[in-house]
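Scroll down for the structure; my scribbles are underneath it.
Protein chains: 2
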Amino acid sequence: MSRASTTSDVFNALAEPRRREIVSLLARGSPLAVGELVEALDLAQPAVSKHLAVLRTVGVVSVQQVGKSRLYALNPEELKPVHDWIKQFEQLWSGQLDRIKERAERKAQERAQKN
Amino acid sequence: MSRASTTSDVFNALAEPRRREIVSLLARGSPLAVGELVEALDLAQPAVSKHLAVLRTVGVVSVQQVGKSRLYALNPEELKPVHDWIKQFEQLWSGQLDRIKERAERKAQERAQKN
DNA sequence: TTGACATATTCCGATACAGGAATATGATGT
DNA sequence: ACATCATATTCCTGTATCGGAATATGTCAA
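Taken in order, these protein sequences are the chains called A and B.
Residue 92 in my numbering sits at position 92 of the first sequence, and the numbers go up by one each step.
Residue 1112 in my numbering sits at position 112 of the second sequence, and the numbers go up by one each step.
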């Protein structure tokens, strides 16, 4: 088996730094034309179009034709799965961290004894 | 340029579903031996070891030798960057979503007029 | 030290990417 | 219909995976 496709998943789509930049730019609220993203990213137009195609495939952005331009907008709901997944672990680094680590280390010690 | 290395980034490391599973399993708190992960994931041992190597390189897990086994534990703090990044967009799908979308669509309309 | 167990590493093949260059498609105004 | 602007698609090359198979490394116990 080979590496998972970038379009297989929101996680895979967002693994690419450029695509995260695009998401950040679109998160301001106003849809942006491809040309505007090209400027902002300092990247060739075909490359930007390809990144947008990936994001569109996974549903993170949507397009709207306006004159000659195509305005890309963020679909924030599509980011929620990532948020939900990572949020599971939020408590692990906030406050209770120490107690949890202690418990883990104690368990490891117990196992060390048994062997 | 080719695709970013899986070890270049926590985002890239977590793009792989199996590695996310590993993180979920370790998040319970108790460190797990490679063999235990092999069972849980129903994946061959070398494959699991390779995934663990990736996670270790980016710092998401750490190892502790206990007898013949190597117990892997989660380093939750290393997940925080992902959390922080995605949290930026949290408000976009909670409640104020409608107002934001409206604003975006209005802006798009304004631009449509201008062209 | 030898053997058994647990894990890591190397080599392999198939797959898929990211960006560059060139080209194709699409929309608009004349 | 045509020229032009904006964007998408195709082809290419270099690179990096993922998992399987085989093998190497490391740890312990007798």
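Positions of the beta carbon are idealized from the N, C-alpha and C atoms, including for glycine.
Computed from a prediction, not measured in an experiment: that's the story for all the values here.
Where residue i meets chain A, residues with beta-carbon distance less than 8 angstroms
{"i": "Lys1050/B", "result": "Ordered by position in chain A, no residue passes the 8 angstroms Cβ test against Lys1050/B, which lies about 12 angstroms from the chain."}
Cβ neighbour criterion (16 or more within 10 Å) applied to residue i
{"i": "Met1016/B", "result": "The identity of residue 1016/B in the sequence shown is Glu, whereas the question assumes Met. So Glu1016/B counts as buried."}
{"i": "Pro1046/B", "result": "exposed"}
{"i": "Val63/A", "result": "exposed"}
{"i": "Pro1081/B", "result": "exposed"}
{"i": "Ala1073/B", "result": "buried"}
{"i": "Gln113/A", "result": "Confidence at Gln113/A is low in this model, with a pLDDT of 39, below 50, so its placement is unreliable and the value that follows should be read with caution. Flag for Gln113/A reads exposed."}
{"i": "Glu1110/B", "result": "Summary for Glu1110/B: the model assigns pLDDT 44, below 50, so the residue's position carries little reliability; its value from the coordinates is reported in the next sentence. With fewer than 16 Cβ atoms within 10 Å of its Cβ, Glu1110/B is classed as exposed."}
8 angstroms Cβ cut-off: residues of chain B touching residue i
{"i": "Ala27/A", "result": "Gln1088, Phe1089, Leu1092"}
{"i": "Ala53/A", "result": "Those within 8 angstroms of Ala53/A in chain B number zero; the least Cβ separation is about 16 angstroms."}
{"i": "Ala4/A", "result": "Ala1015, Glu1016, Pro1017"}
C-beta atoms of residue i and residue j nearer than 7 angstroms
{"i": "Arg28/A", "j": "His51/A", "result": "no"}
{"i": "Val1034/B", "j": "Val1048/B", "result": "yes"}
{"i": "Asn75/A", "j": "Val60/A", "result": "yes"}
{"i": "Leu26/A", "j": "Ala40/A", "result": "no"}
Selected residue, minimal CA-CA separation from residue i, among the options
{"i": "Leu1079/B", "options": "Phe89/A, Val34/A, Lys80/A, Ala13/A", "result": "Phe89/A"}
{"i": "Leu92/A", "options": "Arg1056/B, Ile1086/B, Val1023/B, Lys1068/B", "result": "Val1023/B"}
{"i": "Met1001/B", "options": "Leu43/A, Ile86/A, Val38/A", "result": "Leu43/A"}
{"i": "Lys1068/B", "options": "Leu1032/B, Ile1086/B, Trp1085/B", "result": "Leu1032/B"}
{"i": "Glu1036/B", "options": "Asp1009/B, Val1010/B, Arg1070/B", "result": "Arg1070/B"}
Contacts of residue i in chain A (Cβ-Cβ under 7 angstroms)
{"i": "Val1082/B", "result": "Ile86"}
Cβ-based neighbour list, residue i, same chain, cut-off 7 angstroms, excluding 5 preceding and 5 following
{"i": "Ser5/A", "result": "Asn12"}
Spatial neighbours of residue i in its chain, beta-carbon cut-off 6 angstroms, leaving aside the 5 residues before and after
{"i": "Leu129/A", "result": "Because chain A spans 1 through 115 in this model, residue 129/A falls outside it and cannot be assessed."}
{"i": "Ser94/A", "result": "none"}
{"i": "Asp9/A", "result": "none"}
Interface partners of residue i on chain B, CB under 7 angstroms
{"i": "Leu14/A", "result": "Phe1011"}
{"i": "Glu77/A", "result": "Trp1093"}
{"i": "Pro46/A", "result": "Those do not exist, as Pro46/A stays about 14 angstroms from chain B at its closest Cβ, beyond 7 angstroms."}
Beta-carbon contacts of residue i that lie in its chain and below 8 angstroms, excluding the five residues immediately before and after
{"i": "Thr1007/B", "result": "Ala1013, Val1054, Thr1057, Val1058"}
{"i": "Val38/A", "result": "Ala44, Gln45, Val48"}
{"i": "Asn1115/B", "result": "Residue confidence for Asn1115/B is low, a pLDDT of 35 falling below 50, so the modelled location carries little weight and cannot support an answer."}
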